[in-house]
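Undergrad: Dropping the structure in here first, questions after.
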Amino acid sequence: MADIVDIAVSAGAFNTLVTAVQAAGLVETLKSPGPFTVFAPNDEAFAKLPPGTITTLVQNIPQLTRILTYHVVPGKLMKEDLAKLGSVTSVEGSDIKIDCSDGFEVKNATVVAADIEADNGVIHVIDNVILMG
Numbered sequence: 006m007a008d009i010v011d012i013a014v015s016a017g018a019f020n021t022l023v024t025a026v027q028a029a030g031l032v033e034t035l036k037s038p039g040p041f042t043v044f045a046p047n048d049e050a051f052a053k054l055p056p057g058t059i060t061t062l063v064q065n066i067p068q069l070t071r072i073l074t075y076h077v078v079p080g081k082l083m084k085e086d087l088a089k090l091g092s093v094t095s096v097e098g099s100d101i102k103i104d105c106s107d108g109f110e111v112k113n114a115t116v117v118a119a120d121i122e123a124d125n126g127v128i129h130v131i132d133n134v135i136l137m138g
């Protein structure tokens, strides 16, 4: 098996996320033993952001880091685990609402692929970038 970063790179659907993780200097963290649960926005999710948002974020590393770490939760939490919790606290420090009553939603995003296991955690693919607040 591969780690979270290697899976994201090889999938080909997370180019923007991988670029953002590299820009924020989080590659080594997400390659570490973890474990981590990552709510990974696919390229289509990033494309929904207003034009210029990604460029602005890459130029503001502290803000980019906050947004990216808001998509990461300590521990390996599968969909079944998340369904029991109702909310989780991100690495960034804010809570993320989880709703599995009708599908699988994470704050304002729908999980389009759940429980992708990695050596150092699990990836849940989401269709929107989740923002704090």
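Residues in the sequence shown are numbered consecutively from 6, following the numbering used here. In this text, a Cβ means the ideal position worked out from N, Cα and C, and glycines have one as well.
By Cβ distance below 8 angstroms, which residues in the same chain neighbour L31 in space, the five residues on each side in sequence not counted?
TA: The answer, listed in chain order, is T70, L73, T74.
Undergrad: What does I59 pair with, by DSSP beta-bridge criteria?
TA: Bridge partners of I59: none, in fact.
Undergrad: Out of curiosity, what's the CA-to-CA distance linking V23 and V10?
TA: Whole-angstrom Cα-Cα distance: 7 angstroms.
Undergrad: Give the DSSP bridge partners of I103, in chain order.
TA: DSSP output for I103 lists V111 as bridge partner(s).
Undergrad: Are L62 and A25 touching if we call contact CB-CB under 8 angstroms?
TA: In contact: L62 and A25 (Cβ atoms closer than 8 angstroms).
Undergrad: Could you give the distance in angstroms between the alpha-carbon of A7 and the alpha-carbon of V78?
TA: Cα-Cα distance, rounded: 19 angstroms.
Undergrad: Is the beta carbon of T42 closer than 8 angstroms to that of G91?
TA: Not a contact, by the Cβ cut-off of 8 angstroms.
Undergrad: In three-state terms, what does DSSP make of S15?
TA: Three-state DSSP puts S15 in a helix.
Undergrad: Within a Cβ cutoff of 8 angstroms, which residues of the same chain sit near I101, ignoring the five residues on either side of it in sequence?
TA: Around I101: F44, Y75, V78, S92, V93, T94, S95, V111, K112, I135.
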